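Sequences listed follow chains A and B, in order. Using the working numbering, you'd call the opening residue of the first sequence number 1 and step up by one each time. Using the working numbering, you'd call the opening residue of the second sequence number 489 and step up by one each time.
Number of protein chains: 2
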Amino acid sequence: MTPSGTTSAAAGPPARDAGAQPAWELLLPAAGAPARRRGRALQEALREAVRSGRLPAGTRLPSSRALAADLGVSRGLVTEAYEQLTAEGYLRSDRGSGTWVGGTARTGRAAAPAGPGGPAAPAPGVVTDFRPGTPDLSLFPRAAWAAAQRTVLARLPHSALGYPDPRGLPVLRSALAAMLARRRGVAADPDRLVVCSGVAQAATLLGTVLRARGHRGVGVEDPGSPEHGRLFAATGLETVPLPLDEEGLRPGPLARAGVRAVVVTPSHQFPSGIAWSAERRGLLLDWAREVDGHVLEDDYDGDFRYDRAPVGALQGLDPERVVYTGSVSKSLAPGLRLGWMVLPGALVDEVVERKRTMDLGHPALDQAALAHLVTSGGYDRQLRRCQRAYRERRDALLTGLERHFPGTSVTGIAAGLHVIACLPARYGPVGRLLEAAAGAGVALRPLEEYGSARPADGAVRLVVGYAHLTPSVIDEGLRRTAEALGRR
Amino acid sequence: MTPSGTTSAAAGPPARDAGAQPAWELLLPAAGAPARRRGRALQEALREAVRSGRLPAGTRLPSSRALAADLGVSRGLVTEAYEQLTAEGYLRSDRGSGTWVGGTARTGRAAAPAGPGGPAAPAPGVVTDFRPGTPDLSLFPRAAWAAAQRTVLARLPHSALGYPDPRGLPVLRSALAAMLARRRGVAADPDRLVVCSGVAQAATLLGTVLRARGHRGVGVEDPGSPEHGRLFAATGLETVPLPLDEEGLRPGPLARAGVRAVVVTPSHQFPSGIAWSAERRGLLLDWAREVDGHVLEDDYDGDFRYDRAPVGALQGLDPERVVYTGSVSKSLAPGLRLGWMVLPGALVDEVVERKRTMDLGHPALDQAALAHLVTSGGYDRQLRRCQRAYRERRDALLTGLERHFPGTSVTGIAAGLHVIACLPARYGPVGRLLEAAAGAGVALRPLEEYGSARPADGAVRLVVGYAHLTPSVIDEGLRRTAEALGRR
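In structure tokens form, the structure reads like this:
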């Protein structure tokens, strides 16, 4: 379930040893900085060294003890950096062989967040709606957005009110590229970033381009977001469900699927909540290169990590194969219809031309307002505010499940706006639970709605969204459901 | 060039006479109102009576003298109403046979404006750019828009920040429907109005739907907006150029084109500036019914009429065959990317579903701001302000052409943001004129760039945009061009 750093047969042992090693002390330029910043600097320097090719695949890294001594930092800081980069697929490690540079990273910079879920129609008579996909709309920073709008209208030159650049306002593309590189490790060149109306438009744009290039199908995660399938189907592509296990897409079915494009959610898979293992991330990119294919990375809730440093975006490992997409739908409001895609060089022109004919580009004033929010630090403040609120709600959900449905195990809790709750069989079958909940004015969504696999263990698996509900509403909704179930 | 009300062989003589006549006095409910308002009320009542079927096709109308006496109004008011409705195709008239109800109007209400032109890349070294397609961006009402944004952010319920209705915010659809009915006579049911990002997206949405329905091609006006062809081509439809004469699309080539859809600009044809004759409007709708086809009416500058009441939108004559589209690109700013389409009932669901997969709907805050501007009267004020400015600039252009290029004839002056200037052959050939202008820092666009027809009379035909240039800049640009030409 957690990222794994173990070797596989495919990974192979390290081929180069310390004889070819670079000057490790160059990795940590900010030697006088506080430990936290130095840890981050070390991670960034290592990542950059792998991407640039300065540390080629197979290079064996010093032991954490040795590097810590070389750099004059704590050993924990080096261990953390190794673990983080292993989780992201830049490094590989094995208990026996130490740590070495993986074979997956390609030149570029780093990757960030986007989002499935999408609009759920309100159900009549529902008091507490645990279905996933909606952020808390009351957290939208009205005052900050109003201030950004005022600033924009006061400063924007007249020319910026004309037909916009279909790629997006240059000032926003630069601001987003910097933000995505910093927050998500996206290799984000502003010239390859296209502002769009969100992940749905990104999928439609990519699907349309792939269809025109002769693609006939696209692989989607199973279980996965039904929206992905619907969007690609609308562009004329057949969607092929590809089974997941607890590490990510299973390589065999992927290889046999007959597609050259897949859409994935590797940082916090939707709906299962798993983070893909480093090995599976690497194998997916190997596959993409082999079939001359593309991966759409929907980083739908990369903004919301609660317990540890985020796993960097897959895109950072190979910007020429991965299309990265995200939006402000979870961080600000879906109603803004504002998102982005970061594209491989080979796809930029075709996607921009489709964006042009689709709508001539995104509204300019909203773009300028978001650029102001990002560069002024207001967007980071908003993310911290949401993160605090959502972590508190997640904790309330975990506590409430323990109180009202003892024995429930919960996964996918490290990030995002939903978890998977696995209720013991005694609360089932699922139909009975859903009916009891509905009778109590509570809407729940079973995991089986998101794919074909139904484990036969009798357990009841639910996808529980919590971000839009306050702690007391969460507890009350669970209590009412448990009571109603007890009366049956 | 002006709307013609003469009978044709196809129109036929009136079939019903005064024996079947309704109570004419019911046509003018506001009997005590001032003359101007009564004239408008009479036109609206007559239009509505034809549309509703209360005045069936062929019904002979009383003479203007008789109706004026019946209603107790001036004869001029009745004559004006007859002329206006004849221009719009609701009535037909003949010097010998009087006036009768035409056969083209179908049930519904009335139609409004949209816009070709689109973005023109700035040319290097250009001081004065007479190429059409750009409004004056400095006229964007920043204060009014900022006030609308403030109001919206202060009042909008949180729920309106969620995933929007893909058709558009209900409050905006109602406001636009009322505005389009009032200003352009569009039969605008809010349930058939879809908010989109402008005419380009409207064309892409319609093209995608028609392609999915099995259409292979779409007819475009020749000369016409090259943007129409490009947009439909991107949806996989072949574009078939259809020749125009001074009354509109020529019926023969249309019938032989093998298409079941056309895109037209009947109120102020782009680029020629003609208003289609009533007969041609009727024949186009007859054709659409016969082939079970559709017409996209791009009412790109219906907002800007200078000398007489606007010709009502074609859509009002048959809302089941005509897709009406317009935007705020000329009235507010292209950078807002905000427009609308009014759809036949049979196309609504398919277009809305495409809109949904294309971008999940238009940004909510901008929609709410426009709704506020329209319902508060601010949008009408803005249109009046633009109209005053653009009329003044048009007059400056006409004066300047007369001064610096005597002998030039100008057409298409009744509306819009451009005219056609036909310069005597002594200023040609066109290449020499364009070079001289470019040398003087003046960009001009010849009519021949918009289509295949090149008259052999040696005259130099230019499409001259003036809306974005002040009167002094207009005069100075023409003066410099004439001087540069004189030095050659």
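For glycine and all other residues, C-beta sits at the position ideal for the given N, C-alpha and C. Bear in mind the structure is a predicted one, so any value in this text is a computation, not a measurement.
Kindly indicate the opening and closing residues of the alpha helix (DSSP H) around residue 276 of chain A. Taken as a continuous stretch (DSSP letters only), residue 276 of chain A belongs to no alpha helix (DSSP H), as it is neither H nor E.
For the segment 365-374 of chain A against the segment 170-185 of chain A, are there 3 or more C-beta pairs whose distance is under 8 Å? Yes, they touch.
Distance, Cα to Cα, residue 814 of chain B vs residue 785 of chain B? For the pair residue 814 of chain B and residue 785 of chain B, the Cα-to-Cα distance works out to about 9 Å.
Measuring CB atoms only, is the segment 179-197 of chain A touching the segment 231-248 of chain A, in the sense that at least three cross pairs come out at less than 8 Å? Per the Cβ contact rule, the segment 179-197 of chain A is not in contact with the segment 231-248 of chain A (fewer than 3 Cβ pairs under 8 Å).
If we ignore side chains and look at the alpha-carbon of each, how far apart do residue 66 of chain A and residue 646 of chain B end up? Roughly 55 Å between the two C-alpha positions.
Does any residue of chain B bring its CB to less than 8 Å from the CB of residue 142 of chain A? Yes - at least one Cβ of chain B is within 8 Å of the one on residue 142 of chain A.
Starting from residue 878 of chain B and walking both ways along the alpha helix (DSSP H), at which residues does that stretch end? Taken as a continuous stretch (DSSP letters only), the alpha helix (DSSP H) holding residue 878 of chain B covers 866-892.
For a quick check, are the C-beta atoms of residue 825 of chain B and residue 686 of chain B less than 8 Å apart? In terms of Cβ geometry, residue 825 of chain B and residue 686 of chain B form a close pair [threshold 8 Å].
Within 10 Å of its beta-carbon, does residue 108 of chain A have 16 or more other beta-carbons around it, so buried, or fewer, so exposed? Reliability fails at residue 108 of chain A, whose pLDDT of 36 lies under 50, so the model's placement of it is uncertain and no value is given.
Helix, strand or coil for residue 92 of chain A per DSSP? Shown here, residue 92 of chain A sits in a strand according to DSSP, grouped into three states.
In whole angstroms, give me the CA-to-CA distance for residue 693 of chain B and residue 839 of chain B. Near 6 Å, if we compare the C-alpha coordinates of residue 839 of chain B and residue 693 of chain B.
At the 8 Å Cβ level, is residue 275 of chain A part of the contact set with chain B, yes or no? Chain B contact via Cβ: absent.
With a 10 Å radius around its C-beta and 16 neighbouring C-beta atoms as the bar for buried, classify residue 615 of chain B as buried or exposed. Looking at its Cβ environment, which holds fewer than 16 other Cβ atoms inside 10 Å, residue 615 of chain B is exposed.
I need the DSSP call for residue 969 of chain B, collapsed to helix, strand or coil. DSSP, read as helix, strand or coil, puts residue 969 of chain B in helix.
Which runs of the alpha helix (DSSP H) at least 4 residues long sit entirely within the segment 45-86 of chain A? Give them in chain order. With a minimum length of 4 residues, the continuous alpha helix (DSSP H) runs that stay inside the segment 45-86 of chain A are 64-71.
Assigned secondary structure, residue 427 of chain A (DSSP; H/G/I helix, E/B strand, else coil): Reduced to three states, the DSSP call for residue 427 of chain A is helix.
Is the CB-CB distance between residue 396 of chain A and residue 475 of chain A below 8 Å? Yes.
With H, G and I counted as helix, E and B as strand and the rest as coil, what does DSSP make of residue 975 of chain B? In the structure shown, residue 975 of chain B sits in coil (DSSP, three-state: anything other than H, G, I, E or B).
Residue 268 of chain A to residue 306 of chain A, Cα distance in whole Å? Note on geometry: alpha-carbon atoms of residue 268 of chain A and residue 306 of chain A lie some 12 Å from one another.
In terms of residues, what are the limits of the alpha helix (DSSP H) holding residue 174 of chain A? For residue 174 of chain A, the uninterrupted alpha helix (DSSP H) run begins and ends at 170-184, by DSSP.
Step through the CB atoms of chain A and report whether any lies within less than 8 Å of the CB of residue 821 of chain B. Output row for residue 821 of chain B: interface = yes.
Let's test the definition: count the other Cβ atoms within 10 Å of the Cβ of residue 112 of chain A and tell me whether it reaches 16, buried, or not, exposed. Note on residue 112 of chain A: pLDDT 28, under 50, position unreliable in the model; the coordinate value appears next. Buried, since its Cβ has 16 or more Cβ neighbours within 10 Å.
Quick one: does residue 1054 of chain B have its CB under 8 Å from some CB of chain A? The requested residue 1054 of chain B does not occur in the structure, where chain B is confined to residues 489 to 976.
Rounded to whole angstroms, what's the CA-CA distance from residue 143 of chain A to residue 635 of chain B? Just pull it up for me. Taking the straight line from one Cα to the other gives about 14 Å.
Inter-residue Cα distance where the pair is residue 779 of chain B and residue 926 of chain B: CA-to-CA, the gap between residue 779 of chain B and residue 926 of chain B works out to about 47 Å.
So which residues on chain B does residue 215 of chain A lean against when the C-beta distance must stay under 8 Å? Within chain B, no residue comes near residue 215 of chain A; the closest Cβ sits about 15 Å away, beyond 8 Å.
Run through chain A and tell me which residues come within less than 7 Å of residue 846 of chain B, C-beta to C-beta. Those within 7 Å of residue 846 of chain B in chain A are 201, 204 and 358.
Bounding residues of the alpha helix (DSSP H) (the contiguous stretch that carries residue 847 of chain B): 836-847 is the extent of the alpha helix (DSSP H) around residue 847 of chain B.
Checking contacts by CB at 8 Å: is residue 85 of chain A closer than that to chain B? No, residue 85 of chain A does not count as interfacial toward chain B.
Could you pull out every unbroken beta strand (DSSP E) segment of at least 3 residues lying fully inside the segment 242-301 of chain A, listed in chain order? Correct list: 261-264 and 294-298.
What residues match up with residue 903 of chain B in a beta bridge as DSSP calls it? In DSSP, residue 903 of chain B forms a bridge with B:793.
Compute the minimum distance between the beta carbon of residue 678 of chain B and the heavy atoms of the ligand MG, and state whether it is under 7 Å. This structure lacks the ligand MG; in fact it carries no ligand of any kind.
Determine the direct distance from the alpha carbon of residue 843 of chain B to that of residue 226 of chain A, and round the result to whole angstroms. Computed Cα separation, rounded: 18 Å.
Step through the CB atoms of chain A and report whether any lies within less than 8 Å of the CB of residue 870 of chain B. Closer than 8 Å to the CB of residue 870 of chain B there is not a single CB belonging to chain A.
Given 8 Å as the limit, is there contact between the segment 879-893 of chain B and the segment 232-247 of chain A, that is, 3 or more CB pairs closer than that? Segments in contact, no.
Among A:256, A:304 and A:415, which has the Cα closest to the Cα of residue 382 of chain A? Taking only the C-alpha atoms, the option nearest residue 382 of chain A is A:304.
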